[in-house]
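Working notes, structure below.
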Amino acid sequence: MNEHDRKAYLASVTDRFVRGEMDRRSFLRTASKLGLGATALGMGFGNRPFMLNKAFAQEQLAPSPDVIAWLKDVGKPFAGTTLKLATESTPPSNAINSQLKKYFEEATGIKVEIEVLPLEQVLQKLTLDVASSLGTYDLYYIDQSWSASFSQDVFDPREQIAAKTELAMPNYNIDDFLPALVDGISKYEDRWVGVPYDIPIFIMIYRKDIYEKLGLKAPATFDELLTNSVAITKEMGPTTFGYAGQMKSGHYALECEWTSMLWGHGGSIFNADKKFVGNDEQGIKALEYYTKLREIMPPGVDGWTWDGQGQAVAQGVAASMLSWGEFFPYFDDPTQTKVSGLCEAVIPPQPIALRKPEECGYGEIPGVGHQGGSSLAVSKYSKSPDAAWLFMQWATCADTQALITALGGGTGPTRASVYDDPRVKANARVGAGTTRHLPVVRETIAKYMGSEPDLPEWAQISSDTIPVGLGKYFAGSYGSPKEAMDDIASQIETVMKG
Amino acid sequence: MAVAQVKRIAISDSPWPWLLPLTALLVVFTIYPLIYNIWLSFHEFVPKSRGLKFVGFSNWIQLWNDTRFWSALGVTFLYFIVALTIEIILGMSIALLLDAELPGFGALRAILSMTLVIPPAIAGMMFLLMQDPQFGVLPYLLDQLGILGKGTPILATSSLALAGVLVAEIWQWTPFMVLIFMAGLRALPVEPYEAASIDGASAFQMFRRLTLPMMSKVIAVAVLLRGIDLFRVFDYVFVMTSGGPGTSTYTVSLYAWQQTFSFLKWGYGATLSLTSLVIIMVMANLFIRIAKVRW
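And the structure:
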């Protein structure tokens, strides 16, 4: 067993002991086998049982010495440089900003300033930066729907690796990024627009205890999701409802949930001729399904984004949701929710039919696992592109990603190897920051991921035209799903014409 | 600059040395942004070329044909009229009630001013929670009173959403009216009331014939200040409904913000903002003339 695996195993054992899942004798025996006695660890049993866990956790969550040594070596010429990154509030950015960047700064002498902003402000700042070519931001956080827009404004990481071998991180292994994410998030035509940085993705989360109590099986299809949800609402409503949606009128959240339903019913947003086809037969069936599902949701769901949806499950108001996997570790946190250990994650319901990507327009990839990933890239306008490249490699290397996943509350990694990292696997137990849902996330990314189209007008279409139209429909402003979707189609046509 | 020169400027009769700092601030923070906004309204940002392109009057033509804008303008006017009317009536009523030196009224007046220090976005969040269909106190009370059905999502119902937002607005800003009206009431002379009382006038007659005419200037100033603010409403709508459901609570400010910052249509956003500014200026000047407000 190497040092890394030994520490990971010890962390897991300690965690079990502190949680009372292992007796003291077994723990001491295991710890001594691993070459670490209680005294050596500075632990005193009885009065301070959690000190070891905390101290060890800190030791455990430090970056790899190899990575730090490399940073010290290559970072010297750039000491004193300041790098800027504007990013949305995501688990990787938050973990780096609050807990990890100090390691990078100490090792290299490079200062990193991270601005955490709402997504539309990030887009505004990047747009201004490329319009002025001022290089205010050295690194760009690029939402998957902006790849086309910024593809010419950032370095292709493969070119950076080839051009500056002396700055390339040993074992960075760019091929380790999940291929589906590279294609769905970070690639535009043949260029890599940075590397996959973050991957929130829709998975199915349900209350196992309620399902078992009512003799239901985890929903494997859309029909099962509906019949299960109806049964739960009928049996347990109005205290507990079968499903919670994210249906706030005019909010991007509504568009996200709708696309999952649309793709799951064999529809798509655009066809190969780049025409909106959400109003075709499959699109209407999807909206009819969504309407039926809404009937059994809690009152007030029309005012919820994903936050309200997550809260509904966390507080025991709803028994299932098809939503971002990042919620799962939160649900498992007994200090924050009523449902710790009661939720299970499974892959999204199987689609009734699935349109092929080549039948869609603007790079749209139908899949019930709606993804909202992002890339990290070095700006071509940066005044310190080499220092930014070092940071980018460090922030997206396997070691840092494992730390992010452990610190960032079980967020899905974008690298294949990190899913198998012992530090990540050690957290696959019920509790805050669990990673026990990550196998489902990985499978969803590989097989069921859906990606939105990529076009300059998409920000307006996805955050206004579609969710406002759907909001009006659910508020009763249209006579039928067909009428609503036709109106949305005509509005999208107007937007596309400019 | 020599000390003698500074002294000479300081004792000169010319007002310009003293006006210069204020003029500079006005030019930098008001005049220039206004001129830039006008210039911007004839341009549009083109994402592909990463620059502004001259588009002539097309933003203004688009505005004229934009049903979303007219809908937002209608919502804004409705919001403005309803909120202002209720705030004036409630504000004056409460001010009249509190215009007395009774025990505890001092504390009441102090408490009233507390709503004003809460940021509108926070007040919006408070009322968002209070109107939650499942655990909110307002739907519960309305259900108990038989006004609304149980679990009615006020903010997600087209016919109720604007009223839901107005509740937050009125709760937060009625005390502002109360404080202004009270200051006015305290400054009124007592002699006319004594004379009216001797003549046998009723309380209502005194209010209608004395208080209202003498308070007209104060009321006009309050209406002007609140009216301008109400027409720019953004925070409550943004936090509570994001303009929904559909477009039932979409205001002009929210629409301008969205076009500018979410969709990067800087030219069209500037056109919307300028239109809003022109409407406010016209309305304010008309009101000043009609109400004969003198500054």
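Here the protein sequences line up with chains Z and L, keeping their order. In the numbering used here, each number is its position in the first sequence, counted from 1, plus 93. In the numbering used here, each number is its position in the second sequence, counted from 1, plus 1155. Heads up, the beta-carbon is just placed ideally off N, CA and C, and yes, glycines get one too. Just so you know, these numbers come straight off a predicted model, no measurement behind them.
With fewer than 16 neighbouring CB atoms inside 10 Å of its own CB, residue 227/Z falls in the exposed class.
In this structure, residue 1308/L places its C-beta atom within 8 Å of the C-beta atom of residue 392/Z. Scanning its chain for C-beta atoms nearer than 6 Å, with the 5 sequence neighbours on each side dropped, one finds around residue 494/Z the residues 506, 508 and 511, in chain order.
C-alpha of residue 321/Z to C-alpha of residue 335/Z: approximately 7 Å in a straight line. Per DSSP, the unbroken beta strand (DSSP E) holding residue 234/Z starts and ends at 232 to 236. When rounded, the separation of the alpha-carbon atoms in residue 1391/L and residue 1376/L is 24 Å. For chain L, the residues of the segment 318 to 346 of chain Z that bring a beta carbon within less than 9 Å of one of its beta carbons are 331, 340, 341, 342, 343 and 344, in chain order. Between residue 222/Z and residue 472/Z, the C-beta gap is smaller than 8 Å, which places the two residues in contact. Taken through DSSP and simplified to helix, strand or coil, residue 490/Z comes out as coil. In the DSSP assignment, residue 178/Z forms a beta bridge with 207/Z and 232/Z.
Per DSSP, residue 300/Z lies in no alpha helix (DSSP H); the unbroken beta strand (DSSP E) holding it starts and ends at 295 to 300.
A straight-line Cα-Cα distance of about 6 Å links residue 209/Z and residue 179/Z.
For residue 417/Z, the uninterrupted beta strand (DSSP E) run begins and ends at 413 to 417, by DSSP. Counting only residues of its own chain and dropping the five nearest sequence neighbours on each side, residue 260/Z has a CB closer than 7 Å to the CB of 167, 479, 482 and 483. Sixteen is the threshold: since fewer than 16 other Cβ atoms of the shown chains lie within 10 Å of the Cβ of residue 316/Z, the residue is exposed. Segment contact: the segment 429 to 449 of chain Z against the segment 185 to 197 of chain Z, fewer than three CB-CB distances shorter than 8 Å; contact not assigned. With fewer than 16 other beta carbons inside 10 angstroms of its own, residue 1244/L counts as exposed. Residue contact with chain L for residue 270/Z: absent (no Cβ-Cβ distance below 8 Å to any residue of chain L). As far as DSSP is concerned, residue 447/Z takes part in no beta bridge. Among the residues facing chain Z, residue 1287/L is included, as its CB has a counterpart in that chain under 8 Å away. Here residue 377/Z is buried: its Cβ has 16 or more other Cβ atoms, across all protein chains shown, within 10 Å. As the crow flies, the alpha-carbon of residue 1433/L is around 16 Å from that of residue 1216/L. A distance of 8 Å or more separates the beta carbons of residue 234/Z and residue 247/Z.
Distance check between residue 292/Z and each of 211/Z, 468/Z and 559/Z places 468/Z closest, using alpha-carbon atoms only.
Within chain Z, the residues whose beta carbon sits less than 9 Å from that of residue 1312/L are 395, 568 and 569, listed in sequence order. Rounded to whole angstroms, the Cβ separation of residue 559/Z and residue 348/Z is 5 Å, and the two are in contact under 8 Å.
With fewer than 16 neighbouring CB atoms inside 10 Å of its own CB, residue 1185/L falls in the exposed class.
Looking at the DSSP output, residue 280/Z sits in a beta bridge with 285/Z.
The three-state reading of DSSP puts residue 557/Z in helix, counting H, G and I together.
Taking CB atoms only, residue 242/Z has a neighbour in chain L less than 8 Å away.
Membership of residue 1199/L in the beta strand (DSSP E) is indicated by the continuous run 1198 to 1201. The beta carbons of residue 574/Z and residue 435/Z sit no closer together than 8 Å. Pairing residue 1439/L with residue 1379/L gives a Cβ-Cβ distance under 8 Å. The beta carbon of residue 1413/L sits closer than 8 Å to some beta carbon of chain Z. Between residue 1225/L and the set 1210/L, 1408/L and 1207/L, the nearest pair of CA atoms involves 1408/L.
Taking 8 Å as the upper bound on Cβ-Cβ separation, chain L lies near residues 213, 214, 216, 217, 220, 223 and 224 of the segment 206 to 239 of chain Z.
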